[in-house]
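Notes follow the structure.
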Amino acid sequence: MQKENVKPNFEFIALMASLMSIVALAIDALLPAIAKIGISINSLDATDNQLLITMIFLGLGLGQLFFGPLSDCYGRKPIVYAGFVVFTVASIICVLASSLELMIIGRILQGIGLSAPRTISISIIRDTYKGDYMAKVMSFVTAFFILIPVVAPAIGKAI
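For the sequence shown, the numbering used here assigns the number 455 to the initial residue and increments by one for each residue that follows.
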């Protein structure tokens, strides 16, 4: 149900911003640790280790092709949950990875999992609001999304 004259509330904006920003957090929090991750999985070539960043984008692209239509068919909420399940399993694979290849597979799967909340959050905003209010919500969400790459490397270094 689209709302033309109902102002968006803070909780909705915060939730949508969080769903979109988790992608940036998953990418940027890894940046300070790439060298240490490479050492722990016996991959000393810095160029190969950068694939850990690149491959999440491959997963994001692939996942959008599936999760968008699935959310139209089965609803938004179950698909967001399914995406987080895929992301969680992929994160466990990454934690337990003993080689670069296994870590790359985990990162691709992380991207696939994260594509669900990223894609569906935009759909939820479009389903809920239209016109100026939709634009206002998207601008708030995007502003929050832009701040994450500034904060994420510090969080990643602390972890």
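Positions of the beta carbon are idealized from the N, C-alpha and C atoms, including for glycine. Computed from a predicted structure; not experimentally measured.
8 angstroms contact criterion, which residue i and residue j should meet: CB distance rounded
| i | j | result |
| --- | --- | --- |
| residue 591 | residue 467 | 6 angstroms |
| residue 563 | residue 502 | Their Cβ separation, rounded to whole angstroms, is 19 angstroms, which puts residue 563 and residue 502 out of contact at 8 angstroms. |
| residue 578 | residue 478 | Residue 578 to residue 478, Cβ: 18 angstroms. No contact. |
| residue 547 | residue 560 | 4 angstroms |
Buried/exposed call for residue i, threshold 16 Cβ in 10 Å
| i | result |
| --- | --- |
| residue 551 | buried |
| residue 573 | buried |
| residue 506 | buried |
| residue 549 | exposed |
| residue 473 | buried |
| residue 499 | exposed |
| residue 535 | exposed |
| residue 504 | exposed |
| residue 541 | buried |
| residue 482 | buried |
| residue 580 | exposed |
| residue 484 | buried |
| residue 514 | buried |
| residue 529 | exposed |
| residue 471 | buried |
Bridge partner(s) assigned by DSSP for residue i
| i | result |
| --- | --- |
| residue 587 | None; residue 587 has no bridge partner. |
Simplified DSSP state of residue i, which is helix, strand or coil
| i | result |
| --- | --- |
| residue 498 | coil |
| residue 597 | helix |
| residue 484 | coil |
| residue 529 | coil |
| residue 577 | helix |
| residue 552 | coil |
| residue 463 | coil |
| residue 518 | helix |
| residue 504 | coil |
Within-9 angstroms CB hit, residue i to chain B
| i | result |
| --- | --- |
| residue 481 | Within the model displayed, chain B is absent; a lone protein chain is all it includes. |
Any contact between the stretch 580-598 and the stretch 555-572? By contact I mean 3 or more CB pairs, one from each, below 8 angstroms.
Per the Cβ contact rule, the stretch 580-598 is not in contact with the stretch 555-572 (fewer than 3 Cβ pairs under 8 angstroms).
Any chance the stretch 515-532 sits against the stretch 480-495, with 3 or more Cβ pairs inside 8 angstroms?
With a cut-off of 8 angstroms, the stretch 480-495 and the stretch 515-532 do not count as touching, because too few Cβ pairs lie within range.
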